[in-house]
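Just add 7 to wherever you are in the sequence shown, counting from 1, and you've got the numbering used here.
Please read the structure below before turning to the comments.
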Amino acid sequence: MSSPLPSPDRRAVLVTGGARRLGAAVCEAFARADWRVWCQYRASGAEAQALAQRLGAEGLDVRAVAADITTEAGRRALFGQVAAEAPLACVVNNASAFEPDTGADFDNGAALRQIGVNLVAPLDLARLLGAQPGTHECSAIHVLDQKVYNLNPDYFSYTVSKLALERAVALQAQSLAPRVRVCGVAPGILYPSGPQDEANFALASRANLLRRPIDPADVARACVFLAETPSVTGTTLSVDNGQHLVPLPRDIMFVVDELLKHPPSP
Ligand SMILES: NC(=O)c1ccc[n+]([C@@H]2O[C@H](COP(=O)([O-])OP(=O)(O)OC[C@H]3O[C@@H](n4cnc5c(N)ncnc54)[C@H](OP(=O)(O)O)[C@@H]3O)[C@@H](O)[C@H]2O)c1
């Protein structure tokens, strides 16, 4: 039997890709909920340190940690470092590679790279949670994308990696129970990505049932909710203003581009 979530003064979470954008919002939400936060970064060291400093000035416990999550050795070294002080109670698998391709033109290397970051790393980090010494309950939260419920052919390798991760939420919950709960969070569009400019993003961010941008803090709060709710495992929470219920033939950024080229007459 696993024991309950550690008391607030002992709870520690690892957020991958935590320095910027959604990752930073997730770090902040956990820190404000009294978790010790390990903010993993690859290239964004300055942002990770600044986040840790900004929240640290308020008395919150956020620690920036450099690691390569794309290799098994890198993931083990990361775990060894962060779990040495106190075992982790949660991992939020937020880091993700998002590269344009289609099922017709994908590059093998780029596809494998995205599958490595977006699928294999989250699955392995969740498994490492359960292999920690002790019996305390843990949770792994895989950050997905509304795209998994709303298919179109753009960003093919990325979508394939997130589809597999979405299916793995239930599979891994079965595999790692009862020690580790495994949950998903599926956001809609939150930030401009790739070639998207501000005008495109302003329109795209409203192409959902609620016709307003999604607040990244809502996604971050959903992660904290899942981490702190012991009855939930094997399921995914959509936090997307209903974007997954608005089917489009292409990725939203390309459809909005068409709208900008041919604006509807008043
Ligand atoms: N942005 C959106 O609108 C949106 C919509 C739906 C779902 N999501 C999901 O939400 C999560 C966060 O999205 P985001 O846009 O905030 O993420 P992001 O900025 O694209 O990436 C987050 C971090 O992932 C790390 N990363 C990227 N490529 C990597 C690689 N090849 N190897 C190792 N680390 C890598 C980077 O860390 P360093 O900077 O430290 O290198 C990066 O800052 C992702 O899982 C994404 O799929 C995002």
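Beta carbons are placed, not taken as given, at the ideal position from N, Cα and C, and that holds for glycine.
Check whether the region 216-223 touches the region 180-199, counting contact only when three or more Cβ pairs, one atom from each stretch, lie closer than 8 Å. Verdict: yes, contact present.
If you run the structure through DSSP and keep just helix, strand and coil, what is Val253? Looking at Val253 - three-state DSSP - the assignment turns out to be coil, as it is neither helix nor strand.
Val127 beta carbon near ligand 1 (any heavy atom closer than 7 Å): No, the beta carbon of Val127 sits no closer than 7 Å to any heavy atom of ligand 1.
When the Cα atoms are used, what is the spatial distance from Asp68 to Glu265? Their Cα atoms are separated by approximately 45 Å.
Buried or exposed (CB count within 10 angstroms, at least 16 for buried), Gly191: buried
Since Ala55 and Gly25 should fall inside the 8 Å C-beta cutoff, what is the C-beta to C-beta distance between them, to a whole number of angstroms? With 8 Å as the limit, Ala55 and Gly25 qualify as a contact, their Cβ atoms being about 7 Å apart.
Excluding the 5 residues preceding and the 5 following Ala128 in the sequence, name in chain order all residues of the same chain whose CB lies nearer than 6 Å to its CB. Excluding the 5 residues flanking it on each side, Ala128 has same chain C-beta neighbours closer than 6 Å at Ile76, in chain order.
Can you tell me where the alpha helix (DSSP H) with Ile122 in it begins and where it stops? Asn115 to Ile122
Within 8 Å, do at least three Cβ pairs link the region 96-113 to the region 123-141? yes
Taking the straight line between their C-alpha atoms, what separation do you get for Asn248 and Ala234? Cα to Cα, the separation comes out at about 21 Å.
Nearest-angstrom Cα separation, counted from Gln60 out to Ala93: 21 Å
Close Cβ partners of Leu255 (< 8 Å) along its chain, the five nearest in sequence each way excluded: Within its own chain, the residues whose Cβ lies closer than 8 Å to the Cβ of Leu255, once the five positions on either side in sequence are excluded, are Asn157, Asn159, Ala214 and Val262, listed in chain order.
Excluding sequence positions up to five away, which residues of its chain have a Cβ less than 6 Å from the Cβ of Ala229? Val192, Leu244 and Val246
How is Pro194 classed by DSSP in three states: helix, strand or coil? DSSP places Pro194 within a strand segment (E or B) once states are collapsed to three.
Within the same chain, show all residues whose beta-carbon is closer than 6 Å to that of Pro273, passing over the 5 residues directly before and after it, in chain order. Reliability fails at Pro273, whose pLDDT of 48 lies under 50, so the model's placement of it is uncertain and no value is given.
Kindly give me the distance between the Cβ atoms of Asn115 and Tyr165, rounded to whole angstroms, as I take these residues to be in contact under 8 Å. Actually they are not in contact, since the Cβ atoms of Asn115 and Tyr165 sit about 15 Å apart, beyond 8 Å.
Ligand 1 and Leu58: does any heavy atom of the ligand fall closer than 7 Å to the residue's C-beta? no
Express the C-alpha separation of Gln203 and Gln88 in angstroms, rounding to a whole number. 37 Å
With a floor of 4 residues, list each alpha helix (DSSP H) that falls wholly inside the region 80-160, ordered by position along the chain. 115-122 and 128-137
For Gly30, does the count of other Cβ atoms within 10 angstroms reach 16, so buried, or fall short, so exposed? Answer is buried; the Cβ neighbour count reaches 16.
Check whether the Cβ atoms of Val187 and Ser146 sit closer than 8 Å, and answer yes or no. yes
Does any heavy atom of ligand 1 sit closer than 7 Å to the C-beta of Ser200? yes
Reduced DSSP category for Gly63 - H, G, I as helix; E, B as strand; rest coil: helix
To the nearest angstrom, how far is it from the Cα of Leu216 to the Cα of Tyr162? 23 Å
Expressed to the nearest angstrom, what Euclidean distance is found between the alpha-carbon atoms of Thr78 and Arg49? 12 Å
Which residues in the same chain as Leu252 place their Cβ atom closer than 7 Å to its Cβ, once the five residues preceding and following it in sequence are excluded? Leu216
Give me the DSSP bridge partner(s) of Thr243. Gly191
Taking all protein chains shown into account, do 16 or more other C-beta atoms lie within 10 angstroms of the C-beta of Ser238, making it buried, or fewer, making it exposed? exposed
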